[in-house]
Amino acid sequence: MITERLSNRLKAVASFVEEGAVVADIGSDHAYLPCYLLKTGKIKQAIAGEVAKGPYDSAMKNVLKEGLADSITVRLADGLFAVEVNDLVDTITIAGMGGTLITTILENGKSQLESIKRIIVQPNIQSSVIRKWAVFNGWKIVSEQILKEDDKIYEILNMEKGSSSYDETEILLGPFLCLEKSVVFREKWEREIVEWHRVLLSIEDAEETDDIRKKKNQLKSQIDLVREVLAI
Ligand code: SAM
């Protein structure tokens, strides 16, 4: 049963979905998230969108196996083009991809977002790109979560329509996450600092071109910014 083996990461994404929402899960390899939402009774209708044939077939297989074919429509489509007007979708979930790909999907499918009330995203990396996109496209972050599973750390952003403005720290670290400063948050950014130092060391002796100088300055200022927030 999908309800029993769903990852904590996807359960956390599911927790942001409102009761009775109509959800389109984009990049719905296996359709685990929509199946879980239906099986737990949180929602009654969903779309599972997939751009690749293999994951689309897996999604279709699971939906049929779980007996949910009347409630979940599986579509082979690029990004938000899996959503049709008659679906009455009000919530988009996009999980398990990089922040840049998620932003591209949102940007390319802007016209599909008019009737959408909530976007829940779980980027594996580069959440900052999505926060910037939100500011420039009339979305605000209403809550965030950070969690660790199998030694990987994940962030979840829950967004609603509305104007927003975030400073550099909030864009990088998350406006709610950087106030909360949880144990997992600290671990994530301590890991990042170690990684940024490793990159700095690897380019230390490189020829000082404009790009290298820019990269060094960017890394140093990110390290300073994060250290200040973590007070280390
Ligand atoms: N959402 C699931 C999760 O979090 O476990 C699956 C994540 S999987 C790593 C990413 C999925 O997104 C892949 O199945 C991939 O084919 C799909 N994908 C990537 N770009 C897409 C796009 N533009 N439109 C729809 N699906 C896409």
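Read in the numbering used here, the sequence shown has 1234 at position 175, and its numbers run on one by one without any break. Using N, Cα and C, we set each Cβ at its ideal position, and we do this for glycine too. Given the structure is predicted, the values throughout are model-derived calculations rather than measurements.
Residue i, buried or exposed, once every other Cβ within 10 Å from all chains shown has been counted against 16
i, result
"S1087", "buried"
"A1265", "exposed"
"T1268", "exposed"
"E1125", "buried"
"I1291", "exposed"
"G1108", "buried"
Beta-bridge pairing of residue i - partner residues as DSSP gives them
i, result
"K1213", "The sequence given here has Tyr at residue 1213, not Lys. Bridge partners of Y1213: L1206."
"E1219", "R1177, K1199"
"V1082", "A1105, T1150"
"P1182", "M1156"
The alpha helix (DSSP H) enclosing residue i, as first and last residue numbers
i, result
"F1188", "A small correction: the amino acid at residue 1188 is Val; Phe does not occupy that position in the sequence shown. Element bounds for V1188: 1186 to 1195."
"E1253", "For clarity, residue 1253 is Val in the given sequence; the question names Glu instead. From DSSP, the alpha helix (DSSP H) with V1253 extends over 1242 to 1262."
"E1287", "1269 to 1289"
"D1116", "1112 to 1124"
"Y1091", "1091 to 1098"
"E1063", "1061 to 1064"
"E1077", "Run containing E1077: none; DSSP gives neither H nor E here."
"L1172", "First-last for L1172: undefined, no H or E at that position."
"E1143", "Per DSSP, E1143 belongs to no alpha helix (DSSP H) and is neither H nor E."
Beta-carbon proximity list for residue i, same chain, < 6 angstroms, skipping 5 on both sides
i, result
"E1229", "none"
"N1167", "G1138"
"L1236", "E1203, I1205, F1244"
"I1282", "I1252, W1255"
"A1292", "Any question about residue 1292 goes unanswered here, given that the chain covers just 1060 to 1291."
"V1188", "G1158, T1159, T1162"
Opening and closing residue of the beta strand (DSSP E) in which residue i lies
i, result
"L1135", "1131 to 1135"
When the options are compared against residue i, the one with the closest alpha-carbon
i, options, result
"W1248", "L1123, S1261, E1287", "E1287"
"K1240", "S1224, L1160, E1214", "E1214"
"T1150", "L1065, G1233, V1076", "V1076"
"E1208", "T1062, K1070, L1127", "K1070"
"S1280", "V1194, L1231, L1216, L1238", "L1231"
"T1039", "A1083, L1278, G1079", "With the chain covering 1060 to 1291 only, the question about residue 1039 has no answer from this structure."
8 angstroms Cβ shell around residue i - same chain, five flanking residues per side excluded
i, result
"V1324", "Past the boundaries of the shown model lies residue 1324; the chain is included only from 1060 to 1291, so the question cannot be answered."
"I1271", "I1262, A1265"
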